[in-house]
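Here the structure is laid out as structure tokens; the discussion comes afterwards.
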Amino acid sequence: MKVILQETMDGVGHLGDLLDVRDGFARNFLLPRKKAVLANSRSIKAFEHVKRVAAEKAKKEKLEIEVHAKNVSAVTLTIEAQVGKDDKMFGSVTSKDLAEALAVQGFTIDRRKIQLAQPIKELGTITVPIKMPREVTATVTVRVVKKQEPEAAAEA
């Protein structure tokens with residue numbers, strides 16, 4: 042009996058596969074549990090249509106994500122860090138700090154999507170990748186600079 046799988050099943054096939062299975066397996070397991078539908082010309086055409094619509098929707102969604110990634114990549118973050126003798130930083134800049142700085146710029150990015158291998162512990166400029174949905178990656182330039190002390194407080 043020919044069936045079209047409605048979901049991916051280990052050892053059987055993937056979503057949308059057209060399979061030739063035994064009649065008992067189809068009647069007793071696949072069809073009652075709605076894991077497959079009978080493969081006639083009508084169901085094949087309907088499934089192809091659904092697949093085409095989903096592909097177009099995914100393509101449009103990926104374009105929107107790429108535009109968003111381009112906007113995020115255009116941003117340069119400047120983070121002021123407190124430094125001591127010999128420009129040695131107190132603490133470090135983490136992905137949480139980067140997410141907060143991006144939020145100030147108007148971009149809501151989950152800190153777990155910021156792919157910072159280890160916290161930034163030095164002054165300078167670093168490019169940090171940000172993982173977006175649909176295998177899209179944006180890169181943000183982060184400048185870590187010395188925090189300027191208020192001159193009025195230093196003189197008083």
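Residue numbering for the sequence shown follows this note's numbering, beginning at 42 and increasing consecutively.
Glycine is no exception: its CB is placed at the ideal position from the N, C-alpha and C atoms.
As the structure is a prediction and not an experimental result, all values here were calculated from the model.
Which two residues bound the contiguous beta strand (DSSP E) that contains residue i?
i, result
"I150", "Note, I150: premise wrong, no beta strand (DSSP E); not H, not E."
"T182", "177-187"
"G132", "Run containing G132: none; DSSP gives neither H nor E here."
"G165", "165-173"
"K162", "No beta strand (DSSP E) contains K162, which DSSP labels as neither H nor E."
"A77", "77-79"
Between residue i and residue j, how many whole angstroms is the CB-CB distance? I'm expecting something under 8 Å.
i, j, result
"I171", "V134", "Between V134 and I171 the Cβ distance is about 15 Å, and since that is not below 8 Å, they are no contact."
"I167", "V186", "Actually they do not touch by this definition, with Cβ atoms about 12 Å apart."
"L46", "K76", "7 Å"
"I150", "A158", "Not a contact, Cβ separation roughly 17 Å."
"L60", "V44", "6 Å"
"A144", "L118", "Wrong, their Cβ atoms sit about 11 Å apart, outside the cutoff."
The alpha helix (DSSP H) with residue i in it runs from where to where?
i, result
"R83", "82-114"
Can you say whether residue i is buried or exposed, counting buried as having 16 or more other CB atoms within 10 angstroms of its CB?
i, result
"L71", "buried"
"D3", "Residue 3 cannot be examined here, being either before or after the span of the chain that is shown, 42 to 197."
"A193", "Per-residue confidence for A193 stands at a pLDDT of 46, beneath the threshold of 50, marking its modelled position as unreliable; no derived number is given."
"V3", "Outside the displayed span of the chain (42 to 197) sits residue 3, for which this structure offers no information."
"S82", "exposed"
"A87", "exposed"
"A67", "buried"
"D138", "buried"
Discussion item. Assess contact between the region 164-184 and the region 103-112, defined as three or more Cβ pairs (one per stretch) separated by less than 8 Å. Is contact present?
Written reply: These segments touch.
Discussion item. Under 8 Å, with one C-beta from each stretch per pair, do the region 94-107 and the region 116-131 reach the 3-pair mark?
Written reply: The region 94-107, when compared against the region 116-131, does not touch it at the 8 Å Cβ threshold.
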